[in-house]
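See below for the structure under consideration.
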Amino acid sequence: MFSRVLSRAVAVRTVGRRFESTLKVGDTTVASRPAAPKPKKRPIGGFRGGVVGFLLGVTSAGALGFVYLIDEYQKATSLVLGSVAELEKSSLQVKSHVQKIEAVERTLEQLKRNTPTVQQLQQARADWRKQNDILTRDHLELKAHVWELEQDVESVLKRSKSAK
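Pasting the structure below:
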């Protein structure tokens, strides 16, 4: 393979040049090859290479920067989505806690409506004492009446025994 590349390079070199051998008049030397043409100087070639290198460097740096920027954007987006998911989860928890608190408040309101106030309790206590006093007095009156009846029954029995 190397020999093929080398033979092509030689062939390309010889095709571009003409082989001339002439004898000059008055000169005894034979020129076997003509003098090689001088290459054209390109004074702008270095500048062109610098510009191409600069553009290549700027393009590659821009591409790498763009890739880095996209990577950072994706990381930030995933963090934001994670934060949104956490926020949604915590907001659902807060919502359930608020519902529980509202249920407890409704129960508390029902209890407040159904439970008596201090004044109502004092009034009920006073009424109970009055009723208790009335019952105690009635009980004592009944006891006294029963005692009188027992005394009357005893006296009647004593009279009936003495009369016999």
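Counting from 83, one number per residue, gives the positions in the sequence shown under my numbering. Think of the CB as a built atom: it goes at the ideal place given N, C-alpha and C, for glycine as much as any other residue.
Does residue i come out as helix, strand or coil in the three-state DSSP assignment?
i: Ala158; result: helix
i: Ala118; result: coil
i: Thr141; result: helix
i: Thr218; result: helix
i: Thr189; result: helix
Please check the pair residue i and residue j, which I expect to be a contact at CB under 8 Å, by giving their CB distance rounded to whole angstroms.
i: Ala206; j: Pro198; result: 7 Å
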